[in-house]
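K.L.:
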Amino acid sequence: MQIEKFNYDNKIVRDFAIATMIFGVVGMLVGLLAAVQLYLPEANLGIQYTSFGRIRPLHTNAIIFAFVGNAIFMGVYYSLQRLCKARMFSDVLSRIHFWGWQLIILLAAITLPLGFTSSKEYAELEWPIDILIALVWVTFGINMIGTIIKRREKQMYVAIWFYIATFVTVAVLHIVNSLEIPVTFTKSYSIYAGVQDALVQWWYGHNAVAFFLTTPFLGLMYYYLPKAAGRPVYSYKLSILHFWSLIFIYIWAGPHHLLYSSLPDWAQSLGVVFSIMLIAPSWGGMVNGLLTLRGAWDKVRDEPVLKMFAVGVTAYGMATFEGPMLSLKNVNAIAHFTDWIVAHVHVGALGWNGLLTFAIIYWTIPRIYNTTMYSKKLMNVHFWLATLGIVFYAIPMYWSGFTQGLMWKEFTAEGTLQYPEFLKTTLQILPLHVLRSLGGTLYFAGFLVLIYNVIKTVKQGSLVANEAAEAPSLEKSTLFKKGEFWHAVLEKKPITFTVLAVLMIVIGGAVEMIPTFTIKSNIPTIASVKPYTPLELEGRDIYIREGCNACHSQWVRPFRSETERYMGEYSKGGEYVYDHPFLWGSKRTGPDLHRLGGKYPDSWHYHHMVDPATMSPGSIMPKYPWLAEQQINVDDLSKKMSALKSLGVPYTTTEINEANATMKQQAESIANNLKKEGIDLSSDKELIAMIAYLQRLGTDIKKQNTANK
Amino acid sequence: MNKLSVSLLFILFAETAMANTVEPMKVDMPTILLSIMAVLVFVLILLVYTLQKVVYVLKQEAAGGIYPLADERTTWEKLLSLKPLAAEKEVELDHDFDGIKELNNPIPFWFNVLFYSTIIFGFIYIMVFHVFDAGKLQAKEYEAELADAEAAKAAYVKKAGNLIDENNVMALSSADQFKDGIELYNSKCAVCHGNAGEGKVGPNLTDNYWLHGGDVKAIFKTIKYGVPSKGMIAWQNSLNGLQIQQLASYILSMQGTNPPGAKEPQGIELNTTVSSLPDSNATK
């Protein structure tokens, strides 16, 4: 056995740490701005680029992919090298990965406020950036797998299993969900429509939580927690059981985002039962984490890093118990579309991802700078600011969620809705939104304390860019050693392990998607549902650009309270067959819009879009005056229709050739309607297209009913 | 004792999710929510209790307390499958990763119980809803909900006596009687018809031109069922008969008030000012 000398690359770890801190500030600030706009709509400064619909995706993307993403890479690059006893596979790939990822973030920060969006949650970025993400992600994967292959450690530690699962699953999720047909450089349409698009999106969305916010952090926990506590990991067998069961079961649970929708019942039920089955595998991580602290409980008292781990892991346990409960249909019926869900995700994001990230930064920075943290006292201050911030954030949001969820469903004895005006239920919860933004501010203040502390620490130390290390070279030996658990064989075979992990995560998605895509009876067609007219299509694209789906659903659930409130039948799968992408939404800050068409006159929409409060006094919807000023961009109209035609939308060649004329005709008729009411709006304005789209929403199915009569 | 815990946990799970989905929804929403909450709180208490025990054990060990031997362990310690800290070396695996050691502790007993009971729950759930067809899936659940609401409404109507509708409505003549109508008008109608009925997006209500009839029954009907093609909302789901009666009466009282900024007339002219006596039309 020969001892080999090599260096760990600490510079790349430092770079990702800096990016984590910068984008943490950006992401949290944008979140704060969005939170304030929910009770003070004027906080968007009247500018389209900072209106809620556009900055909400900016906030989620900045937090998930920029803040948490960079934190993952920081932790993985630090721990992987040490767990493999090897430097990263390639320094060049490390740099490409780093700068590539920052470029993606920069492009996101530019394009999302400009309104270039696919509208699919956490996958809003347009197709050229999607391709860039795929390339950079694969770069990361090659660099990681390469490092694992040239490791000097026979077995792969549990943290690495989670890193591998993260890499392969995120790659599969991102590629499948982002399949879209480009129209221009900044516009594309999802190749899936309606129910199918919803299924793919929430398979992605749910598993982005699973494999971007959960598995990499479990991996990081398995490295940093025992390191920081100086204790052995509690149970190796539990690691094995909860790893495989977690990645296998997680992938099935996506449909719990679509309960009481027009997704086929069997798929919804699979979503329910697999969510329930997720409790134990999720808790496996919490148990292994907390019981690793066994015998170190006295340290937890004085060590802020361990405190953060303990609270973070507990937040994970709470969120992963709550998630399955929210997947039960009777709980979901009340919680879905309300602030309860916002509270749920923030317990996960602020508690689990946030606190773990802070703990990892506090643990890593002094080590790569060969010093100690500047101030332990400030670390404690940060711990308390963060913990209180979470409490002040979550409690008002839970309260708000219960309140609004119950108000929506309340009937009077006469059988009429107790709160027929949606706005009343919104106004009721505004004080809670004020409190929530205070909680968020506390949490953000804590993060600034971290940054100050880190800057002071960095100044007192110096970066050990290449940390010397040595380890015996890896020698060929028998695969199976007597007395070892059978799983140890897999831990020595990274490629086999990776292939097995891919198999495990492909099954669930395939079982749910293939029948939904191929068996016709799953989405019964409705003859009277026709494709959008050219003007409505342009209106729909403006709806997407403005991010209306951030606050409005297009999905009336089969509840008496909803069919009464929205004055129409509940949404059917056949109504969405030409919706590329689907726009069902996931949160009702405002009312559902699926049965909006024909409910109000065109002039009502004009007034409501220009200044919502004139039509709904007290409304917190932002004003959209720019829609009455900007012209509809008609240049790409026929290209858009051709793209949709290639996806199966039955536009005829004549319709595509005459698109501009058809559009003009419909626009003129709306402009004339407005003129009759004394509103002078020229027919080439975006607002005209928006009105056309809103008036079309959910009306086709009524024609069928008239015909049947 | 252990068997008891197993069955308890199992019942708990079955109860939480099945109770309200399998049975037709006969109870009202708050009751359901309360029962869910009760179960959730119970589970949470159980969870907190367990965690408390864990913390207790951990603290005791941290303080160097001697841990009871395996055969003397309490039920809680058995549930947690905790080995004495002193015996840790026995379960330590003989490798380390960057200094991290792993123990080969068994998977905790309660963890297995939890895991396998959720799997059984999932199996039963699918059987109930998709094999034996014993539960109500969403379409049937919706129908049942509507039927229940109809029944409840009918029962209420019976109890509350004759409700006002478009066939029996009478105009109320004094402002005292339609006080609520004024309030309702200001909060719901003024947006489109103007504060004084002068007409904005919606038509003028103060002149004697009517699009859909100007007597109290016609106005009642227009308010109740709306004119969806022209943007007039149907209010039948948000207002009851009494409220619509008061509203219609208030609107009738605006006749001839001639407010400033009145919108141009629309519809058919009714010759005389319609007052509380719809019959006065006949004088034409």
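Order-wise, the sequence lines are chains V and D. The first sequence begins at 3 in this note's numbering and counts up one residue at a time. The second sequence begins at 251 in this note's numbering and counts up one residue at a time. Ideal Cβ positions, reconstructed from N, Cα and C, are used throughout, including at glycine. Predicted model only: the values in this text are computed from it and were never measured.
1. Between the alpha carbons of V/G587 and V/I106, how many angstroms are there, rounded?
2. Would you please verify whether the beta carbon of D/P510 is less than 8 Å from any beta carbon of chain V?
3. Nearest chain D C-beta to V/I453 closer than 8 Å, yes or no?
4. Is the number of C-beta pairs between the stretch 139 to 158 of chain V and the stretch 565 to 574 of chain V that are closer than 8 Å three or more?
5. Tell me, please, which residues DSSP counts as bridged to V/E472.
6. Report yes if the C-beta distance between V/M3 and V/E514 is below 8 Å; otherwise report no.
7. Just confirm the distance between the C-beta atoms of V/A321 and V/H346, as a whole number of angstroms; I'd bet it's less than 8 Å.
8. Only counting the same chain, and skipping five residues up and downstream in sequence, which positions put a Cβ closer than 7 Å to that of V/L328?
9. Suppose you measure from the CA of D/G491 to the CA of D/I469; what does that come to, to the nearest Å?
10. Counting C-beta neighbours from all protein chains within 10 Å, is the total for V/Y51 16 or more, i.e. buried, or is it exposed?
11. In the structure shown, what three-state DSSP assignment does V/F584 receive?
12. Kindly list, in the order they appear in chain V, the residues whose Cβ is closer than 9 Å to that of D/H462.
13. Using only the alpha-carbon positions, how far apart do V/L440 and V/T216 sit?
14. Answer yes or no: does any C-beta atom of chain V fall closer than 8 Å to that of D/L364?
15. Which of helix, strand or coil does DSSP assign to D/Q486?
16. Measure the alpha-carbon distance for V/A278 versus V/Q697 and round it to whole angstroms.
17. Nearest-angstrom Cα distance between V/H554 and V/I20?
18. Nearest chain D C-beta to V/Q157 closer than 8 Å, yes or no?
19. According to DSSP, is V/I703 part of a helix, a strand, or is it coil?
20. For the beta strand (DSSP E) containing D/H462, list its first residue and its last residue.
21. With the cut-off set at 8 Å, would you say V/S648 and V/I183 are in Cβ contact?
22. How would you call V/G700, buried or exposed, if buried means at least 16 neighbouring beta carbons within 10 angstroms?
23. Could you tell me whether the Cβ atoms of D/K467 and D/W485 are closer together than 8 Å?
24. Counting along the chain, where does the alpha helix (DSSP H) carrying V/D304 start and finish?
25. Mind listing the chain V neighbours of D/G481? Cutoff is C-beta to C-beta under 7 Å, in chain order.
26. Quick check on V/I193: does DSSP put it in helix, strand or coil?
27. Given V/K87, which residues of its chain have a CB within under 6 Å of its CB, disregarding the five upstream and five downstream residues?
28. Mind listing the chain D neighbours of V/S671? Cutoff is C-beta to C-beta under 9 Å, in chain order.
29. Mind listing, in chain order, the continuous alpha helix (DSSP H) runs of no fewer than 4 residues lying wholly within the stretch 174 to 255 of chain V?
30. Any beta-carbon of chain D closer than 8 Å to the one on V/N551?
31. Just to confirm before moving on: does the CB-CB distance between V/A694 and V/E548 stay below 8 Å?
32. Mind pulling the alpha helix (DSSP H) runs of 4 or more residues that sit fully within the stretch 379 to 434 of chain D?
33. Does D/F365 pass the burial test, meaning 16 or more other C-beta atoms within 10 Å, or should it be called exposed?
34. Considering only the alpha carbon of each residue, which of V/S563, V/V160, V/E670 and V/I681 lies closest to V/F499?
35. On a CA-only basis, which of V/V491, V/A470, V/T616 and V/S284 is nearest V/S479? Give me that one, please.
36. Check whether the Cβ atoms of V/D727 and V/V558 sit closer than 8 Å, and answer yes or no.
P.N.:
Straight from the coordinates:
1. Stepping through the first sequence from its first residue, residue 587 of chain V is reached at position 585. Stepping through the first sequence from its first residue, residue 106 of chain V is reached at position 104. About 25 Å.
2. In the second sequence, counting from the first residue as 1, residue 510 of chain D sits at position 260. It does not; no Cβ of chain V falls within 8 Å.
3. For this step, residue 453 of chain V is matched to residue 451 along the first sequence. Not closer than 8 Å to any Cβ of chain D, the Cβ of V/I453 fails to qualify, so no.
4. no
5. For the purposes of this step, residue 472 of chain V is taken as residue 470 along the first sequence, with counting starting at 1. Paired residues: V/K7.
6. Mapped onto the first sequence, residue 3 of chain V falls at position 1. Mapped onto the first sequence, residue 514 of chain V falls at position 512. Cβ distance not < 8 Å, so V/M3 and V/E514 don't count as in contact.
7. If you number the first sequence from 1, residue 321 of chain V lands on position 319. If you number the first sequence from 1, residue 346 of chain V lands on position 344. 6 Å between Cβ atoms; contact.
8. Indexing the first sequence from 1 puts residue 328 of chain V at position 326. Cβ neighbours of V/L328 beyond the five flanking positions: N334, A337 and H346.
9. Numbered from its first residue, the second sequence carries residue 491 of chain D at position 241. Numbered from its first residue, the second sequence carries residue 469 of chain D at position 219. Approximately 12 Å between the Cα atoms of the pair.
10. Taking the first residue of the first sequence as 1, we reach residue 51 of chain V at position 49. Label assigned to V/Y51: exposed.
11. The count along the first sequence starts at 1 and reaches residue 584 of chain V at position 582. DSSP, reduced to helix, strand and coil, places V/F584 outside both helices and strands of the structure shown, so it counts as coil.
12. By 1-based counting over the second sequence, the position of residue 462 of chain D is 212. What D/H462 touches in chain V: nothing, since even the nearest Cβ is about 15 Å away.
13. Taking the first sequence and counting its residues from 1, one reaches residue 440 of chain V at position 438. Taking the first sequence and counting its residues from 1, one reaches residue 216 of chain V at position 214. Rounded to the nearest angstrom, the two C-alpha atoms are 27 Å apart.
14. Here the question's residue 364 of chain D lines up with position 114 in the second sequence. Yes, because at least one Cβ of chain V sits closer than 8 Å to the Cβ of D/L364.
15. Here residue 486 of chain D is taken as the residue at index 236 of the second sequence, counted from 1. It is coil, neither helix nor strand.
16. The sequence position of residue 278 of chain V within the first sequence is 276, counting from 1. The sequence position of residue 697 of chain V within the first sequence is 695, counting from 1. For the sequence presented, residue 278 of chain V should be read as Ile rather than Ala. Between V/I278 and V/Q697, the C-alpha separation is close to 41 Å.
17. If you number the first sequence from 1, residue 554 of chain V lands on position 552. If you number the first sequence from 1, residue 20 of chain V lands on position 18. Between V/H554 and V/I20, the C-alpha separation is close to 37 Å.
18. Position 155 of the first sequence, counted from the start, is the residue given in the question as residue 157 of chain V. True, the Cβ-Cβ gap to chain D drops below 8 Å.
19. Locating residue 703 of chain V in the first sequence gives position 701, counting from the first residue. Annotated three-state conformation of V/I703 is helix, per DSSP.
20. Position 212 of the second sequence, counted from the start, is the residue given in the question as residue 462 of chain D. No beta strand (DSSP E) contains D/H462, which DSSP labels as neither H nor E.
21. Counted from its first residue, the first sequence places residue 648 of chain V at position 646. Counted from its first residue, the first sequence places residue 183 of chain V at position 181. Taking 8 Å as the Cβ cut-off, V/S648 and V/I183 qualify as a contacting pair.
22. Residue numbering aside, residue 700 of chain V sits at position 698 when the first sequence is read from its first letter. With 16 or more other Cβ atoms within 10 Å, it is buried.
23. Stepping through the second sequence from its first residue, residue 467 of chain D is reached at position 217. Stepping through the second sequence from its first residue, residue 485 of chain D is reached at position 235. Not closer than 8 Å, so no.
24. Along the first sequence, read from residue 1 onward, the residue named residue 304 of chain V stands at position 302. Note, V/D304: alpha helix (DSSP H), W299 to D304.
25. Locating residue 481 of chain D in the second sequence gives position 231, counting from the first residue. Per Cβ cutoff of 7 Å: Y602, P603 and W606.
26. Working through the first sequence from its first residue, we reach residue 193 of chain V at position 191. Looking at V/I193 - three-state DSSP - the assignment turns out to be coil, as it is neither helix nor strand.
27. Position 85 of the first sequence holds residue 87 of chain V. Here V/K87 has R154, E155 and A473 as same chain residues with Cβ atoms under 6 Å from its own Cβ, once five neighbours each way along the sequence are excluded.
28. If you number the first sequence from 1, residue 671 of chain V lands on position 669. By Cβ distance, chain D contributes nothing, its closest Cβ being about 15 Å from V/S671, past 9 Å.
29. 196 to 210, 217 to 231 and 238 to 252
30. Taking the first sequence and counting its residues from 1, the one referred to as residue 551 of chain V is at position 549. So no, V/N551 is outside the interface.
31. If you number the first sequence from 1, residue 694 of chain V lands on position 692. If you number the first sequence from 1, residue 548 of chain V lands on position 546. No, the pair does not count as a contact, with Cβ atoms beyond the cut-off.
32. Counting whole runs of 4 or more residues, the stretch 379 to 434 of chain D contains the alpha helix (DSSP H) stretches 388 to 410 and 429 to 434.
33. Along the second sequence, read from residue 1 onward, the residue named residue 365 of chain D stands at position 115. Burial state of D/F365 is buried, judged by a 10 Å Cβ sphere holding 16 or more other Cβ atoms.
34. In the first sequence, residue 499 of chain V corresponds to position 497, counting from 1. Nearest option by C-alpha distance: V/V160.
35. Within the first sequence, the letter at position 477 stands for residue 479 of chain V. Nearest C-alpha to V/S479: V/V491.
36. With chain V represented from 3 up to 711, any question about residue 727 of chain V goes unanswered, as that position is not in the structure.
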